[in-house]
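A.B. asks: Starting off with a structure, shown below.
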Amino acid sequence: MVPPHKFLDALALLPAVRQIRRQARHAWDGHVPIQLDFALVGGQIATHILAFTDDERSYIRGVLDYALKQDSHNLRPLVLRPLLTTLFERSRRMGKAHEAAVFQHLYIPGTTKPPNQAS
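For the sequence shown, the numbering used here begins at 1 and goes up steadily by one.
See below:
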C-alpha cells in the first residue's frame, strides 16, 4: 500500500508539480491539508498538460493507473476525488486543447471518466 504523500512525491518528480507543492507548503507553513494537496496537483497537471513531453504524460498516466489499482482506502479516494476531479474540471475550463490532451493521455478506461462525465 502506497501512502498518499509518497504518491504525491512520485508526481513531484515533474518540476511543475514540485513547484505547486512547494508553494502550498510555504503558504500553509508545511501543513497542507491532504485533499488540497491532491487538488493542487490535479490542477497543475491540467494546466501544464500541453507542455509535458510524451514521456512525462506517460509517467503521469502510469502513476495514476498504479494508484487507482491499489486496494487502498486512503489513496484511491484521494486520487479519484480531489485530484482527478480538479484535473478534469480545470482542463475543461482551459479549453478544448487541454481537455483533449487530458482525455487522450490520461484517460484510463474502467477507472476514470471522460471529462464531460466526471462527477
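Even glycine gets a Cβ: it sits at the ideal position worked out from N, Cα and C.
Near A39, what residues of its chain come up, given a Cβ to Cβ distance below 6 Å and the 5 sequence neighbours on each side ignored?
C.D. replies: For the purposes of this step, residue 39 is identified with residue 39 of the sequence shown, where counting begins at 1. Answer for A39: P82 and T86, listed in chain order.
A.B. asks: What number of angstroms, rounded off, separates the C-alpha of R125 from the C-alpha of E99?
C.D. replies: The structure shown does not extend to residue 125, since the chain spans only 1 to 119, so no value can be given for it.
A.B. asks: With 16 as the cutoff for other CB atoms within 10 Å, does G24 come out buried or exposed?
C.D. replies: For this step, residue 24 is matched to residue 24 along the sequence shown. The question names Gly, yet the displayed sequence has Ala at residue 24. Per the 10 Å Cβ criterion, buried.
A.B. asks: Do three or more CB pairs link the stretch 11 to 31 to the stretch 70 to 78 at distances below 8 Å?
C.D. replies: With a cut-off of 8 Å, the stretch 70 to 78 and the stretch 11 to 31 do not count as touching, because too few Cβ pairs lie within range.
A.B. asks: Please classify A46: is it buried, with 16 or more other beta-carbons within 10 angstroms of its beta-carbon, or exposed?
C.D. replies: By one-based count along the sequence shown, residue 46 stands at place 46. Buried, because 16 or more other Cβ atoms sit within 10 Å of the Cβ of A46.
A.B. asks: Could you pull out every residue in the same chain whose Cβ sits closer than 8 Å to the Cβ of R61, ignoring the five residues on either side in sequence?
C.D. replies: Indexing the sequence shown from 1 puts residue 61 at position 61. Hits under 8 Å: H105, L106 and I108.
A.B. asks: Would you tell me roughly how many angstroms separate the C-alpha atoms of H48 and A97, rounded to the nearest one?
C.D. replies: Taking the sequence shown and counting its residues from 1, one reaches residue 48 at position 48. Taking the sequence shown and counting its residues from 1, one reaches residue 97 at position 97. If you take the alpha carbons of H48 and A97, they lie about 11 Å apart.
A.B. asks: Where does Y107 sit, in a helix, a strand or coil, going by DSSP?
C.D. replies: For the purposes of this step, residue 107 is identified with residue 107 of the sequence shown, where counting begins at 1. Three-state DSSP puts Y107 in coil, outside helix and strand.
A.B. asks: Beta-carbon separation of R21 and A10 under 8 Å?
C.D. replies: Numbered from 1 along the sequence shown, position 21 holds the residue referred to as residue 21. Numbered from 1 along the sequence shown, position 10 holds the residue referred to as residue 10. No, the pair does not count as a contact, with Cβ atoms beyond the cut-off.
A.B. asks: Which same chain residues, not among the five before or five after M94, have their C-beta less than 8 Å away from its C-beta?
C.D. replies: Stepping through the sequence shown from its first residue, residue 94 is reached at position 94. Result list for M94: A46 and T47, in chain order.
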